[in-house]
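A quick write-up on the structure given underneath.
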Amino acid sequence: MTGVKAVGGSSASKVDPAEAQRLAEAARQKAEAARLAAEAKRKAATEARDTLAKARSSADAARRQKATAEKAAANARKAAQKPGQTPEEAKKSKEALAAAEKKLKEANEASRTAAQNLQKAEEQAALAARSAEQAMHKANALALEECKPAPYSQKDIDKVKPTKNELESAFEGTNRKAELEKVLGLTPPPQQEVIQTSGAGGAPGAPLGTVDAKYSDTKDAFTGPFGQTSAGTGFQERQGAPLGDAAHSPLPGGTALPSTPEGSDTPPVTPKP
Numbered sequence: 021m022t023g024v025k026a027v028g029g030s031s032a033s034k035v036d037p038a039e040a041q042r043l044a045e046a047a048r049q050k051a052e053a054a055r056l057a058a059e060a061k062r063k064a065a066t067e068a069r070d071t072l073a074k075a076r077s078s079a080d081a082a083r084r085q086k087a088t089a090e091k092a093a094a095n096a097r098k099a100a101q102k103p104g105q106t107p108e109e110a111k112k113s114k115e116a117l118a119a120a121e122k123k124l125k126e127a128n129e130a131s132r133t134a135a136q137n138l139q140k141a142e143e144q145a146a147l148a149a150r151s152a153e154q155a156m157h158k159a160n161a162l163a164l165e166e167c168k169p170a171p172y173s174q175k176d177i178d179k180v181k182p183t184k185n186e187l188e189s190a191f192e193g194t195n196r197k198a199e200l201e202k203v204l205g206l207t208p209p210p211q212q213e214v215i216q217t218s219g220a221g222g223a224p225g226a227p228l229g230t231v232d233a234k235y236s237d238t239k240d241a242f243t244g245p246f247g248q249t250s251a252g253t254g255f256q257e258r259q260g261a262p263l264g265d266a267a268h269s270p271l272p273g274g275t276a277l278p279s280t281p282e283g284s285d286t287p288p289v290t291p292k293p
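The opening residue of the sequence shown carries number 21 in our numbering; numbering runs sequentially from there.
Next up, the structure:
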């Protein structure tokens with residue numbers, strides 16, 4: 021009977037110093053590339069916020085010019101309708117009205133374009149900030165894998181990441197909600213609760229936060245006396261009109277707004293359309 025001789029030996033594999041050095045260098049380069057990418061995205065986020073500030077300023081200026089043009093057109097229309105004008109005066113007032121309406125049309129278009137640019141800038145600012153935040157976290161993780169100090173502190177990251185207002189603004193008026201939800205990693209903010217008015221006979225009326233499309237103007241929000249918000253310069257003007265004017269202003273459909281009795285705290289009831 022033949023015996024079997026066991027062959028002993030070490031099962032531990034030896035580490036090749038050259039291979040270890042190569043892997044370490046690759047990890048270092050990867051971490052450095054991540055840091056450089058994070059720096060580039062942090063710079064892009066800063067530039068996007070600067071662009072947003074300029075777009076917001078331009079949109080505000082465009083809205084002011086639109087309001088001025090609306091007032092000028094209204095005055096010109098009133099002057100053109102003034103009775104007792106001579107033919108020459110009527111011709112001049114008609115020409116002035118045409119010029120004012122042309123400027124109003126241009127102001128409306130400029131305001132619309134500025135609002136669209138503002139929306140794009142708000143979206144880009146939120147996306148760039150989120151991208152920079154993620155890149156900085158990645159750079160920190162790769163640095164820690166090398167047992168090196170993280171290049172970014174939490175304070176650095178908090179300074180770059182999108183704010184609550186930036187995230188909410190990015191979703192307002194956009195047609196890319198699905199894309200933003202995916203990239204930003206959150207769902208759109210819930211719609212603000214509106215207060216329901218009372219219609220005739222106790223029937224439900226229209227929500228105070230609802231405005232007809234013809235009165236809407238992108239990025240032009242108004243806060244009502246009870247905290248409700250609504251978009252539209254037209255809504256602002258109707259809400260801010262003096263009671264004496266509002267009491268005699270016809271509602272859609274030709275129904276006059278009932279006046280409030282003197283000494284009464286009860287607001288007038290809006291007739292049901």
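For every residue, glycine included, the Cβ atom is placed at its ideal position computed from N, Cα and C.
Taken atom to atom, the span from the alpha-carbon of Leu138 to that of Glu188 is near 13 Å. For Ala40, the uninterrupted alpha helix (DSSP H) run begins and ends at Pro37 to Ala100, by DSSP.
Judged by DSSP secondary structure, Pro107 falls within the alpha helix (DSSP H) whose first and last residues are Pro107 to Glu165. Nearest neighbour of Lys184 by Cα position, chosen from His157, Leu147 and Glu115, turns out to be Leu147. Here the C-alpha atom of Ala51 lies approximately 57 Å from the C-alpha atom of Lys123. Assignment of Ser189 by DSSP, reduced to helix, strand and coil, places it in the helix class. Residues of the same chain with a CB within less than 7 Å of the CB of Glu90, apart from the 5 flanking positions on each side, are Leu124 in chain order. For Lys168, there is no enclosing alpha helix (DSSP H), as DSSP gives it neither H nor E. The Cβ atoms of Ala120 and Ala87 lie no closer than 8 Å to each other. A distance below 6 Å between beta-carbons, with the five flanking residues on each side excluded, links Lys63 to no residue of its chain.
With contact defined as three or more Cβ pairs closer than 8 Å, the region 70-85 and the region 125-134 are in contact.
The Cβ-Cβ distance between Ala152 and Ala163 does not fall below 8 Å.
Going by DSSP, Lys181 is part of no alpha helix (DSSP H) at all; its letter is neither H nor E.
The shortest CA-to-CA distance from Asp176 to any of Ala58, Gln49, Ala53 and Ala38 is the one to Ala58. By alpha-carbon distance to Lys61, the top candidate from Ala38, Ala155, Leu72 and Ala190 is Ala155. In this structure, Ala110 sits away from Glu143, with a CB-CB distance that is not shorter than 8 Å.
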